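The block underneath contains the structure these notes are about, expressed in structure tokens.
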Amino acid sequence: MIEVHELRKVYGERTILGGITATFEKGQVVALVGPSGGGKSTLLRCLNGLESFDGGRIAVGGDVLIPGGARVNRAALYRVRQRVGMVFQQWNLFAHRTALGNVIEAPVHVKKLPLAQAAQRGRELLARVGLSHREGAYPHEMSGGEQQRVAIARALAMDPEVLLLDEPTSALDPERVGEVLDVLGALAADGLTMLIVTHEMRFAREVSHRTLVLHGGQIIEEGPSKEVIDDPKHERTRAFLGLDRK
Amino acid sequence: MVAFGPVSRLWWVVLLAMAVLSCHGRAAPTSALARVRAAGVLRWGGDIQGGEPYVYEDSEHGGRLTGFEVDLANALARELGVRAQFVQNDWSALIPTRERGTFDMALNGLEVTPQRVGRVRFTRPYYIFGARLMARRDDASVQPSLASLRGRRVGTLANSFSSELLRNVAEIVPYEGVEEPYIDLVQGRTDAVLLDDIIATRYGEPKPELRVVGDLADGYYSIAVRPAEAELQQALDQALGRLVARGELERILRRGNIWNDRQRRLAVWSDGDQRQMLGTAVAGQHFGWSHLVLFAKGALITLRLSILAMALAIPLGLALAVLRLYGPALLSRLAGAYVELYRGTPVLLQLYVLYYGLAPVLKLGAFPAAVLGLGMNYAAYEAEVYRAGIQAVPRGQMEAALSLGMSLPLALRRVVLPQAFRLALPSVTNDFIALLKDSSLVSVITVVELTKQMTITSVDIRSWALPGALCALMYFLMSYPLSLLAQRLEARLARS
């Protein structure tokens, strides 16, 4: 589904991604974990072209992104972004649109879906994230958890083949984390392909099929989630998971 | 004044303020002549914009003040045993400023008109001019008579002797400079120009496209002092008489290249001539319904002009802001240059360039030029307001839009700009209020809007207080509702 080959990104002297090679299979849920600054979010943002990169290539289905950003990749970028949905840590709901307005914006204006059809599908998606009763609410009238669930519905409205989630629960109040994880668990159960950057180890262990540990711009460990999280091989992973202190 | 019922309290406050201001100048010493002698300085008011040969800065001699009126003022001061000192003052405001006492006399091609006779005290004339009619060489329909001008567009200086002749005859196009009327005549924006022969000789006759139709009447340049200052007037009359008798005035006029046979009458000027020149002073008209109608028309033009200019400034400013932030490098830099150029130069100059400077290639009417000039100027300010608005929209909004597969233009149109515009709306409303008042600048390109109407009326009725107060009130009535709107918008923005 997604193939990343020797992906490199540098900021001046600093190497953010030091040659990442990975394959993400259709129907799999993959967790990206690791300490802050390890390159998890940057990798995710490269996958849908919000960040450009300096070396390597990314293939999403048949569409290939190469170094050089929007200037060289414009057509491929639009196709990739329609195949890949994105959910942000800070939700980024359109502040001037209602919940339903946020969900149908792209289907109507990018996919050119008739309004009635888009609205019907939008309501189904809001129901799926448990927010039917909030379709007329504006972002500033909703809690963080509600906003994040709308953001998930908004991304799903474009029927992405893969959903990228960048620390979807990090900015939420603790009592709101559960409602978002429940939605994600249900999506995983439905067979949606997802790539989640997360610090919720219990969630990663129970829901994701595979876990990748990023550190210093490298994948230092990967494998089935239960193995990686319960019995990491790499000392850095052990330190990150706090297992050495036992 | 019954018509102003609901706002009458405000009205009186404004009126009182104007009255206080206009009283200020009346507390001068009893004898102006004594004051001049005591100070050893005769201060005379003029406008160097009037140009050659009156009073101007000689560029070949380091901008030294030159002109036949400079020579005359110096000669008069010598006769009074004092030194002359020039005070620069906008020509159209010479008489009101004179009343404030900024200078002792106004000496700058001031023509004796019935309106002015009622308001100042004139000395005997120092120059006799002809009101010279000029038309385009290819237009034979203009004849040397006022009757042939009926209903035609005729350019002249506002509040001049010539404009008095044209009153109720032709459609007067009022100018503030002496070169512009002839530029517009060549361009076909007017049908004829009626102005003093001195002006016609220097600014009209050199243009090969124009011809002299004829002189319609004799007029007089006199020195103006305040009505109460008879003593100063008599001293100046006597001084002038001595200059004429000694042939010095003739020498001054010859040096200025403006001597002609008309001036021989100055040597035999009698009290009878003076009485005839002054005529019967027309009593100041009362401010009446007809003036009110004119004011309403002026206000309507101001409003129409401002709305159209803003309707141009908003989309143009938006395009500039978007190009500057998201356009390709070259266009982005061009948009930046546009903004800096239009913000960094006076709008008055921009109007001049647009209307007169570009006239040979772009023949715009006065009103379209005014809309275009103000609109293009305000677009620069709007561009900066929108740029600030766009930059205030969180980056995540754009990223979310792009991640949904939107193109940059679509993301701007659907997501970023609607939010930026909401942030910018209070500033835009404030800019519109500023534009409403800046629109008075377009009188330099002959559009008679509210402020210009005020100055014209104030000459008619010999007072600035009432027209000034009414003009201020009308601007206020137009801008205050907008101000309230801006406040409400800001409050709503602060809530969300």
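Chains as they are written, first to last, in our numbering: chain A, 1 to 246; chain B, 247 to 742.
The beta-carbon is built from N, C-alpha and C at its ideal position, and this holds for glycine as well.
Computed from a prediction, not measured in an experiment: that's the story for all the values here.
- Less than 8 angstroms separates the beta-carbon of alanine 31 of chain A from that of isoleucine 196 of chain A.
- Interface annotation, proline 655 of chain B: not in contact with chain A, CB-CB separation never under 8 angstroms.
- With a cut-off of 8 angstroms on Cβ pairs, the segment 655-668 of chain B is not in contact with the segment 718-725 of chain B, counting fewer than three such pairs.
- Here DSSP, grouped into helix, strand and coil, assigns tryptophan 710 of chain B to coil.
- A straight line joining the alpha-carbon of cysteine 46 of chain A with that of serine 52 of chain A spans about 6 angstroms.
- Between the segment 22-30 of chain A and the segment 61-72 of chain A, the count of C-beta pairs closer than 8 angstroms stays below three; the two stretches do not touch.
- Using beta-carbon distances, glutamate 105 of chain A counts as an interface residue toward chain B, with a partner under 8 angstroms.
- For chain A, the residues of the segment 664-675 of chain B that bring a beta carbon within less than 8 angstroms of one of its beta carbons are Pro664, Gln665 and Arg668, in chain order.
- Tyrosine 421 of chain B has its alpha-carbon roughly 12 angstroms from the corresponding atom of glutamine 295 of chain B.
- Leaving aside the five residues that flank tryptophan 91 of chain A on each side, the residues in its chain whose CB is nearer than 8 angstroms to its CB run, in chain order, Pro139, Gly144, Gln147, Gln148, Val150, Ala151 and Ala171.
- With a beta-carbon spacing of about 6 angstroms, alanine 321 of chain B and glutamate 494 of chain B fall inside the 8 angstroms limit used to define contacts.
- Valine 419 of chain B and threonine 692 of chain B do touch by the CB rule: their CB atoms are close to 5 angstroms apart, below 8 angstroms.
- Comparing C-alpha distances from leucine 486 of chain B to each of B:Asp317, B:Leu562 and B:Arg344 shows the shortest one belongs to B:Asp317.
- When 8 angstroms is used as the limit between beta carbons, histidine 109 of chain A is near these residues of chain B: Met652, Leu656 and Arg660, in chain order.
- Separation of leucine 499 of chain B and glutamate 325 of chain B (C-alpha to C-alpha, rounded to the nearest whole angstrom) is 18 angstroms.
- When Cβ pairs closer than 8 angstroms are counted between the two stretches, the segment 419-438 of chain B is seen to touch the segment 384-403 of chain B, the count reaching three or more.
- Between the alpha carbons of glutamate 357 of chain B and glutamate 477 of chain B lies a distance of about 21 angstroms.
- Taking CB atoms only, leucine 50 of chain A has a neighbour in chain B less than 8 angstroms away.
- Every alpha helix (DSSP H) stretch that sits fully inside the segment 559-590 of chain B and reaches 4 residues is listed by chain position as 575-590.
- Spatial neighbours of valine 180 of chain A in its own chain (CB-CB distance under 7 angstroms, excluding positions within 5 residues in sequence) are listed in chain order as Gly145, Gln148, Arg149, Pro168, Thr169 and Leu172.
- Our two residues, glutamine 120 of chain A and isoleucine 104 of chain A, have alpha carbons roughly 9 angstroms apart in a direct line.
- Residues of the segment 90-102 of chain A with a C-beta less than 7 angstroms from any C-beta of chain B: Gln90, Asn92, Phe94, Ala95 and His96, listed in chain order.
- Taking 7 angstroms as the cut-off between beta carbons, the residues of the segment 633-652 of chain B near chain A are Gly642, Gln643, Glu645, Ala646, Leu648, Ser649, Leu650, Gly651 and Met652, in sequence order.
- What glutamine 82 of chain A touches in chain B, judged by beta-carbon distance under 7 angstroms, is Gly651, going in chain order.
- The beta carbon of phenylalanine 53 of chain A does not come within 8 angstroms of any beta carbon belonging to chain B, so the residue lies off that interface.
- Close CB contacts of glycine 136 of chain A within its chain, under the 6 angstroms cut and outside five residues either way in sequence, are with Thr98 (chain order).
- Here proline 606 of chain B carries a coil assignment [DSSP, helix/strand/coil].
- Along the segment 398-456 of chain B, the beta strand (DSSP E) occurs as fully enclosed runs of 3 or more residues at 399-403, 417-421 and 438-442, listed in sequence order.
- Below the 9 angstroms Cβ cutoff, chain B contributes Gly642, Glu645, Ala646 and Ser649 as neighbours of phenylalanine 88 of chain A, in chain order.
- In the DSSP annotation of this structure, the continuous segment of the alpha helix (DSSP H) that includes arginine 283 of chain B starts and ends at 278-285.
- The beta carbon of tyrosine 78 of chain A sits closer than 8 angstroms to some beta carbon of chain B.
- The beta carbons of valine 674 of chain B and leucine 524 of chain B sit about 54 angstroms from each other, so the pair does not count as a contact at 8 angstroms.
- At a cut-off of 8 angstroms between C-beta atoms, methionine 142 of chain A does not count as an interface residue with respect to chain B.
- Classified as exposed, tyrosine 726 of chain B has fewer than 16 neighbouring CB atoms from the shown chains inside 10 Å of its CB.
- A direct Cα-to-Cα measurement between leucine 100 of chain A and arginine 74 of chain A gives close to 29 angstroms.
- Beta-carbon to beta-carbon, arginine 57 of chain A and histidine 5 of chain A are separated by about 5 angstroms, close enough to satisfy the 8 angstroms threshold.
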